[in-house]
Amino acid sequence: MESSTISDFLVNHRIRRPEHVAYQYLHGNVTWGELDRRIDALVVALWARGIRPGDAIAVCVNDGPVQVEVLFATARMGAIRVGLNYRHSKGDIERLVEHSEAKLVIAADDFVDLVSGCSPEFGLIMAGDGQGNLGEYAEALDFDAPLPDFPRPKGSDICQICYTTGSTGNPKGAIWRHSGVLAVLGFSQLDLKLNEDDVFLHCLPAAGVPSILCMWNVTLGFTNVIMPAFEPGLALDLIEKHNCTSLLFIPTMITGVCEEYDKKPRDVSSLRRIYYGSASTPPALVRRAGEVFKGIELEQVYGSTEGAGGWYTKLSHADHQWALENDENLLSSCGQPMIHCRVRIVDENGTPLPPGEVGEISVSGDFVMDGYLKEPEMTEKVFKDGWLLTGDMGRLDEKGYLYLVDRKQFMIITGGYNVYPIEVENVIAAHSATLEVCVFGVPDDKWGEAIHVAVVPRSGHTIDPDELREWCRGKMSKFKVPKTVEIRDQLIRGATGKILKRAELDRRVKMLEAD
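The following block contains the structure:
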């Protein structure tokens, strides 16, 4: 019996609702029927270039038609899609192209310089601006030839090499298979209560793990509104213009959108649900989002690249309501396991720990990656008895709610005490003048590691370092109070907009060494 593939869903929507808008771009849209025809045309063009099943194709464009079409065309013909985030450095991109053994690169004109040092076997296709003007890419789709005869992809075939953001080190290539991606697309939408009438706003760069969101509509057939790149004002404009019903933000996006909404409110009455996740979200920011988007259901999700873009846990709308009415501590939780996932907490030997004890979060399910490309030792380290070790520290309570403590590698040992940065970050985030905060430990002769805070004030506010430290003393144990506070205009971000704690730590250490 043949297993389903991503392409099967696309064909079904071409038959069931050919005139329904599949994707709304900044410059026009495409129906399911039109999209299916364009995917066939791209497959023909790629075949003519020499691409065959199992070959890797790297794509470096803003989110838009090219990003979407390469996702589906590679899946249809059994090729492997490799996303390149243009926010990475030229050197990083060249390394990823070489590491993935991509035989062809498709890049927007503005990003050609980033890939100019690459030498893929079948060269480069320039894709204009990746939006309305598609340049050489559009010409390639005009190639007149019949659809080639190629073997149907199997569920066990690789469909993507998805590189991690590098927020905790160098990017690693997670191997995604068709079966894992389909498991995520099917089960997550069932658990998240989406339907075929939804209009989803895609805000996150599809070069990496958010590519799963770029395909989120393929199972149910709803409309996906694609932002080329996230801007708070543009996000609000698109919600208003296209009557978006749902979206997913990371914490920094929530912060930006709330600030923008205060300056210029938009009509967001069409929104029914906001999902958020990707990084720890302080309860103060959750409350703030609830104040700005009144009456909208908030749901937190927690996952990682290694889970093929699937989420492991969900804090439901009902959980949010209960927390706000009874105990706001629940807002610090990532929620309970989703229906397709098993979650447990283990010690350093992989032994499961009882509720309440802190250990490493491990997950299991059909969606989990096979491993890291060309990294057998790293792959072996993250798998234990069929369970994926996430590298995140956390605890489960008696009701199965997961509380994320922090990344294992960022735990601070100060004066013999263990401190997780998120504990301090949540307190400082609740300060009325705080916009964003990043906490980490720096080497210190007396304490071993000293707790350092980099904080960005909200617009129109100022923060006095001594006042902030004094404010912290009344809200946390003495050994958790930051030793130093640095006021910043902005924090270092990665390719997806996440704050890069490792880069912030390296920056601070270099400053201390220079003194």
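UniProt numbering puts the sequence shown at residues 1 to 515. Every residue, glycine too, gets a C-beta built ideally from N, C-alpha and C. For clarity, every value in this text was computed on a predicted model and none was experimentally measured.
Other residues of its chain near residue i: CB distance less than 6 Å, five sequence neighbours each side excluded
i	result
G277	Q300, V301 and Y302
V437	E425, I428, A429 and V455
P352	R344 and V346
V439	P421, V424, E425 and V453
P120	A102, K103, L104 and V105
L331	P283, V286 and A323
H13	W32 and G221
A289	I254
Among the options, the one whose alpha carbon lies nearest that of residue i
i	options	result
T313	E196, V184 and F9	V184
L35	A48, S4, T5 and Q67	Q67
E139	R38, V257, D262 and Q490	R38
D129	D397, P228, V43 and E196	P228
P65	T252, A108, D445 and K154	A108
G78	W387, I57, K264 and D92	I57
H431	C162, V199 and P465	P465
A206	P283, E69 and R502	E69
T281	E325, K498 and S7	K498
E196	G180, P210, I175 and V218	V218
L182	V453, G173, L213 and K483	L213
G123	R287, R49 and G400	R49
L512	R473, I492, E467 and E449	E449
G180	Q160, D327 and G173	Q160
I412	F479, C472 and V112	F479
D63	V268, P354, S270 and E231	E231
R152	V419, Y417 and S7	S7
R493	M253, G416, R17 and C258	M253
P482	D489, L435 and T414	T414
residue 543	V11, E504, N170 and R17	There is no way to answer for residue 543, as the model of the chain reaches only from 1 to 515.
G307	K381, L248, M369 and E259	M369
D267	G256, H242 and E259	H242
E375	Y86, V82 and I175	I175
A145	G28, R342 and D40	D40
D92	V115, E504, N349 and L141	V115
7 Å CB neighbourhood of residue i in its chain, flanking five on each side removed
i	result
H20	T31, W32 and G221
E357	I345 and R395
L315	E299, Q300, S333, C334 and G335
F143	V44, A45 and A48
R17	W32 and G221
Contact under 8 Å by Cβ, residue i with residue j
i	j	result
L84	V59	yes
G463	I487	Sequence check: residue 463 is Ile here, not Gly. Going by C-beta atoms, I463 is nearer than 8 Å to I487.
C244	L194	no
V427	K475	yes
V225	L204	no
L42	M215	no
I361	T379	no
I158	K103	no
I106	V44	no
L190	I296	no
G208	T305	yes
K90	G117	yes
S156	G309	no
residue 536	P337	In the structure as shown, the chain begins at 1 and stops at 515. Residue 536 is therefore absent and cannot be evaluated.
L373	S4	no
E259	G233	no
Neighbour-count burial assignment, residue i, 16 or more Cβ in a 10 Å radius
i	result
S459	exposed
R273	buried
H461	exposed
residue 534	Nothing about residue 534 can be reported from this structure: the residues present for the chain run from 1 to 515 only.
K154	exposed
P251	buried
D406	buried
K263	exposed
E98	exposed
D445	exposed
Q131	buried
S188	buried
L147	exposed
D198	buried
E291	exposed
Same chain only: Cβ atoms within 8 Å of residue i, ignoring 5 sequence neighbours per side
i	result
A433	P457, R458, H461, T462 and I463
E136	I125, M126, A127 and G128
Exercise. At what residue ranges does the stretch 363–444 contain a whole run of the alpha helix (DSSP H), taking only runs of 4 or more?
Worked result: 376–382 and 421–429
Exercise. What are the uninterrupted segments assigned as alpha helix (DSSP H) that are 4 or more residues long and contained completely in the stretch 187–235, given in chain order?
Worked result: 211–214
Problem set entry | Uninterrupted alpha helix (DSSP H) stretches inside the stretch 107–186 (no shorter than 4 residues) | 112–115 and 135–141
For this session: With a floor of 4 residues, list each alpha helix (DSSP H) that falls wholly inside the stretch 435–493, ordered by position along the chain.
Result: 465–473
Exercise. Hey, which unbroken runs of the beta strand (DSSP E) at 3 residues or more fall wholly within the stretch 237–288?
Worked result: 246–249 and 273–277
Exercise. Enumerated in chain order, which unbroken segments of the alpha helix (DSSP H) with a length of 4 residues or greater are wholly contained in the stretch 13–74?
Worked result: 32–48
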